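Asker: The listed protein sequences correspond, in order, to chains W and F.
Following the working numbering, the numbering of the first sequence begins with 1 at its first residue and continues without gaps.
Following the working numbering, the numbering of the second sequence begins with 331 at its first residue and continues without gaps.
Backbone N, C-alpha and C fix where the C-beta goes; we use that ideal spot for every residue, glycine too.
Given the structure is predicted, the values throughout are model-derived calculations rather than measurements.
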Amino acid sequence: MAKITALLCPVCGSGLVTESGSTLAQCRSCQASVALGSQMGFYRYYVESGIKRNGAISLAGQATELSFEPIAAQLMFIPAWHVEAEIFGFIGGQRPIVEKIIKVSIDEYHGNKINEKEIKEKSGGEVVKKSLWIKKDYRMLGIKWNELGGSDIKDTAPEMELMPEDAAELSKLGLMLEPDAAAEPEMMAEATKYFKGQLLYPYGSYQGLTSRISLLKQNRRLIYYPVWRVLGFTKKGRFKCLVDGVNGTQIYVKQYSQAKIVPPTKHLIATLAIALALGMMLSPHQVFVQGWLSFVAPFFLLGFLAGGTVLNRLILDRLAEKAARFIWKV
Amino acid sequence: MKLTPLKCPHCGAKLKIAGNTVLAACQYCGNAAEFTGESAIKLDQAIIKSEGPPNILLPFWRISYKAKISSLAAHAPQNPFQQDGTEAFYRRKDVKPEDLEIPSRMLVAAFRVNNFINYTADLSQALSLKLDRDLPEKDADKSMDYGRCYYGHLDAQGMVEVLLRVLANKKSRDILDLDFDIKWRERKILWWPFKQDGDCWRDMIYEQRLLQSALEK
Chain W
1 MAKITALLCP VCGSGLVTES GSTLAQCRSC QASVALGSQM GFYRYYVESG IKRNGAISLA
61 GQATELSFEP IAAQLMFIPA WHVEAEIFGF IGGQRPIVEK IIKVSIDEYH GNKINEKEIK
121 EKSGGEVVKK SLWIKKDYRM LGIKWNELGG SDIKDTAPEM ELMPEDAAEL SKLGLMLEPD
181 AAAEPEMMAE ATKYFKGQLL YPYGSYQGLT SRISLLKQNR RLIYYPVWRV LGFTKKGRFK
241 CLVDGVNGTQ IYVKQYSQAK IVPPTKHLIA TLAIALALGM MLSPHQVFVQ GWLSFVAPFF
301 LLGFLAGGTV LNRLILDRLA EKAARFIWKV
Chain F
331 MKLTPLKCPH CGAKLKIAGN TVLAACQYCG NAAEFTGESA IKLDQAIIKS EGPPNILLPF
391 WRISYKAKIS SLAAHAPQNP FQQDGTEAFY RRKDVKPEDL EIPSRMLVAA FRVNNFINYT
451 ADLSQALSLK LDRDLPEKDA DKSMDYGRCY YGHLDAQGMV EVLLRVLANK KSRDILDLDF
511 DIKWRERKIL WWPFKQDGDC WRDMIYEQRL LQSALEK
């Protein structure tokens, strides 16, 4: 179904109408056909986000069973490559020759003894020359981001309603993530390899295999797919969630542990207390020589340690959490 | 994004092309143009004359070229019942078969069919091999069924590259590994006449058949 785009006709300035994924748009007023430009042969489209900001926050909150305090929700557009093509090719080769040993039983008339004879049977060797045609598409994420590893964005994006991308308009909606510049030639090489592999896969064992393929009706697309990135806090600490901007599924959920400050003296004091206590048990005379203070010292140190821990919980950890919140908000 | 209004390459008027088609006729001057994905370019086209009125006209690209075989390897298949191993498999390289004649132009179907190999590849091959002379033509007009044109000239060139390899291998018992250096020349859309023959369309020049259901979407 044709859809109105954010793009304007360069002839009369009216709105343009286009069909999903088309390389052409039609002007509603002057009836002119307008070609949508490509970059390096790739047409750019985006998928509209069906989930609003509040919806994304609510969905992220559902991912945690704790009370959730959101601090930021940002719409990002993740690039995904999609190359569609008809692959027409010729293959020539010889089917591999397979030698089988077949055991044939031979009955002997003299007596009831049964013997077996081994016969070598060769099969294959036929020359195959044929033309083949298949239609395939290749999908790949435009950025390498571990957090998107479990998502099916690259598979979902091409099936959606595709609107022609206008960088100025799209950047108003959210953050556009550009694909890695080095990824483009790498992706094309991978796509061509994939298409060839798909066509030649059944003939991999053929001898003297020769082939020639052509990609017909190539449609190269770069699709920007919406993903909400929601940051917030639960009582366990910082919380991050990526929400699919179309169907609202949680792509990635991460609950960080609470920020803590551990003073370096903690271990030192504990070691000293243990050393003194051990010293008292092993050679009490030497320790008592120093007076009653030596006897009390380990308990004093242990008390100091417990006091420090309480102090950490009450003041330092809270300070650390506040600092982490401040950093996230910034 | 760069937006380019399409203009007729003949008269400069606004050109209207429906989505997913590659050819269109100018509504003002009637000349046809090809949409290449970025712009509209000039297109030559003609109707092949036939005896009697055709039931249907189907578009074919006639692509002329100069093909040079820059390298060649011939693999002689081994006899599976006399030899074993692969030692006798490869024949000496750079052996050029004497009977290898490459046609200098080919007809390639521009329309979409359900069975590509049978009706785009094989039908194109059959017609190309018979295309030994220039057939009488007449001018096409803007009433042609441009919605049938699915493959553009770049797709047609891709098909020719594969079909040349197919044709060369058909002529030889060996498996030929050829590398064609092709210089593309003239290209033209020919509207080829077909008449109804039972549940088939029969080509009115060389009697090649095409199932009617092959054209159904």
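Check for me: the beta strand (DSSP E) holding THR156(W) runs from which residue to which?
Answerer: From DSSP, THR156(W) is part of no beta strand (DSSP E) but of the alpha helix (DSSP H) over 153-156.
Asker: Within the 7 Å Cβ cut-off, does SER22(W) reach chain F?
Answerer: yes
Asker: Rounded to the nearest angstrom, what separates CYS27(W) and SER205(W) at their Cα positions?
Answerer: 54 Å
Asker: Which residue's Cα is closest to the Cα of MET489(F): TYR358(F), ARG463(F), TYR476(F), SER394(F)?
Answerer: SER394(F)
Asker: So, at 8 Å on beta carbons, what are the nonlocal neighbours of GLY415(F) in its own chain, with the 5 sequence-adjacent residues on each side left out?
Answerer: Reliability of the predicted coordinates at GLY415(F) is poor, the pLDDT of 49 falling under 50, and no value is obtained from them.
Asker: Whole angstroms are fine: how far does the CA of ILE347(F) sit from the CA of LYS337(F)?
Answerer: Counting only the Cα atoms, ILE347(F) lies some 10 Å from LYS337(F).
Asker: Taking C-beta pairs closer than 9 Å, name the residues in chain F that GLU19(W) reaches, listed in chain order.
Answerer: Going along chain F in sequence order, the residues near GLU19(W) (Cβ under 9 Å) are GLY349, ASN350.
Asker: To the nearest angstrom, report how far apart ILE274(W) and PHE233(W) are at their CA atoms.
Answerer: 39 Å
Asker: CB VAL496(F) to CB GLY89(W), shorter than 7 Å?
Answerer: no
Asker: Mind pulling the chain F residues with CB within less than 7 Å of ASP137(W)?
Answerer: Residues of chain F passing the Cβ test: none, with the nearest at roughly 16 Å.
Asker: Can you pull out the residues from the region 163-194 of chain W whose beta carbon lies closer than 8 Å to at least one beta carbon of chain F?
Answerer: PRO164, GLU165, ASP166, ALA167
Asker: Count the other C-beta atoms from every protein chain shown that fall within 10 angstroms of the C-beta of CYS359(F), then say buried if there are 16 or more, exposed otherwise.
Answerer: It is exposed - the Cβ of CYS359(F) has fewer than 16 other Cβ atoms within 10 Å.
Asker: Using DSSP's beta-bridge definition, name the partner residues of TYR225(W).
Answerer: For TYR225(W), which the question treats as bridged, DSSP gives the partners ILE78(W).
Asker: Which of the three DSSP states is assigned to TYR481(F) in this structure?
Answerer: coil
Asker: Going by C-alpha distance, which of GLY125(W), ILE134(W), LYS100(W) is nearest GLU118(W)?
Answerer: LYS100(W)
Asker: In three-state DSSP terms, what is TRP145(W)?
Answerer: Three-state DSSP puts TRP145(W) in coil, outside helix and strand.
Asker: Identify whether ARG503(F) lies in helix, strand or coil by the three-state DSSP scheme.
Answerer: Three-state result, ARG503(F): coil.
Asker: Tell me the DSSP secondary structure of ALA270(W) in three-state form.
Answerer: helix
Asker: Quick check: the Cα distance between CYS479(F) and ALA362(F), rounded to an integer number of angstroms?
Answerer: 12 Å
Asker: If we cut at 7 Å on Cβ distances, does ASN548(F) have a partner in chain W?
Answerer: Since the first and last residues shown for chain F are 331 and 547, residue 548(F) lies out of range.
Asker: Report the neighbours of VAL438(F) on chain W: residues whose CB is nearer than 7 Å to its CB, in chain order.
Answerer: Per Cβ cutoff of 7 Å: no residues; VAL438(F) is ~10 Å from chain W at best.
Asker: Are the beta-carbon atoms belonging to ASP485(F) and LEU24(W) less than 7 Å from one another?
Answerer: no
Asker: Can you tell me which of the three DSSP states GLY279(W) falls into?
Answerer: Three-state result, GLY279(W): helix.
Asker: Could you pull out every unbroken beta strand (DSSP E) segment of at least 3 residues lying fully inside the region 502-540 of chain F, listed in chain order?
Answerer: 505-527, 530-533
Asker: With 7 Å as the threshold, decide whether the Cβ of ILE519(F) is near any Cβ in chain W.
Answerer: It does not; no Cβ of chain W falls within 7 Å.
Asker: For LYS129(W), decide whether its Cβ has a neighbour in chain F, counting only Cβ atoms nearer than 7 Å.
Answerer: yes
Asker: Can you confirm whether the region 250-257 of chain W touches the region 141-158 of chain W when touching is taken to mean that 3 or more C-beta pairs between the two stretches lie within less than 8 Å?
Answerer: yes
Asker: For PHE510(F), which residues in the same chain have their Cβ closer than 6 Å to its Cβ, ignoring the five residues on either side in sequence?
Answerer: ALA397, LEU494.
Asker: Indicate whether at least one CB of chain F lies closer than 7 Å to the CB of SER29(W).
Answerer: Not closer than 7 Å to any Cβ of chain F, the Cβ of SER29(W) fails to qualify, so no.
Asker: Which residues in the same chain as THR210(W) place their Cβ atom closer than 6 Å to its Cβ, once the five residues preceding and following it in sequence are excluded?
Answerer: GLY92
Asker: Nearest by alpha-carbon distance to TYR138(W): which of TYR201(W), ARG221(W), ASP180(W) is it?
Answerer: ARG221(W)
Asker: Counting only runs of 3+ residues fully inside the region 16-97 of chain W, write out the beta strand (DSSP E) ranges in chain order.
Answerer: 24-27, 33-36, 43-46, 69-94
Asker: With 8 Å as the C-beta to C-beta threshold (strictly closer), list the residues of the region 72-96 of chain W near chain F in chain order.
Answerer: GLU86, PHE88, GLY89, PHE90, GLY92, GLY93, GLN94
Asker: Report the three-state DSSP secondary structure of ASN350(F) (helix, strand or coil).
Answerer: coil
Asker: Report, in whole angstroms, the separation of the C-beta atoms of LEU36(W) and LEU132(W), which I expect to be a contact under 8 Å.
Answerer: Rounded, the Cβ-Cβ distance is 32 Å, inconsistent with contact.
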